[in-house]
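Read through the structure below, which is laid out as structure tokens, and then see the notes.
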Amino acid sequence: MTATIYHNPACGTSRNALAILRESGIAPHVVQYLKTPPSRAELEQILQQSGLTPRQLLREKEKLVAELGLDAPGTTGAQILDAMLAHPILINRPIVITPRGTKLCRPAELVRDLLAP
8 MTATIYHNPA CGTSRNALAI LRESGIAPHV VQYLKTPPSR AELEQILQQS GLTPRQLLRE
68 KEKLVAELGL DAPGTTGAQI LDAMLAHPIL INRPIVITPR GTKLCRPAEL VRDLLAP
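Read in order, the letters of the sequence shown correspond to residues 8 to 124 in the working numbering.
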């Protein structure tokens with residue numbers, strides 16, 4: 008099975024999801040998205056495939072959310088996407104993509120839903 012993980016090595020949840028993939032015998036393509044951020048098209052594809060909205064993919068615990076006013080009720084999905092592209096730290100992680108689907112894996116154990124039965 009192929010898999011891609013949008014990964015932040017400083018994040019424990021992301022490290023745990025990566026470990027679950029590897030323990031399952033999968034050698035995923037690891038995208039360190041802070042070093043190699045996704046394009047707008049890639050981010051839109053992740054949202055479409057996962058069924059998430061930009062707000063659901065937003066890392067709300069990041070202090071930059073309040074600083075940029077992204078927590079304001081009228082903030083649009085396009086504004087959130089623009090902020091994510093300018094500041095990739097705002098993208099929640101880990102995002103895992105396999106042939107079985109695309110999912111934000113918080114908690115990390117959710118990655119098991121994307122593994123072959």
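For each residue, glycine too, the CB sits at the ideal point set by N, CA and C.
In this structure, Val-103 lies away from Ala-17, with their beta-carbon atoms at least 8 Å apart.
Cβ-Cβ distances below 6 Å link Ala-123 to Met-8 in the same chain, with the five nearest sequence neighbours on each side left out; the list follows chain order. If you compare the alpha carbons of Arg-100, Val-72, Pro-95 with that of Leu-111, the shortest gap goes to Arg-100. DSSP, reduced to helix, strand and coil, places Leu-111 within a strand of the structure shown. With the rule of 3 Cβ pairs closer than 8 Å, the segment 29-46 counts as touching the segment 87-100.
Nearest to Gly-76 by alpha-carbon distance, out of Leu-64, Ala-90, Gln-63, is Ala-90. For Leu-97, the secondary structure class from DSSP, reduced to helix, strand or coil, is helix. The beta carbon of Val-37 sits closer than 6 Å to the beta carbons of Ile-12, His-14 from its chain, once the five residues preceding and following it are set aside; these are given in chain order. At the C-beta level, Ile-87 and Leu-65 come within 8 Å of one another. In this structure, Thr-109 keeps its C-beta atom at 8 Å or more from the C-beta atom of Gln-63. In the same chain as Ser-21, and ignoring 5 residues on each side of it, the C-beta atoms closer than 6 Å to its own belong to His-14, Asn-15, Arg-100, Pro-101, in chain order.
Thr-105 sits buried, since 16 or more C-beta atoms from the chains shown fall within 10 Å of its C-beta.
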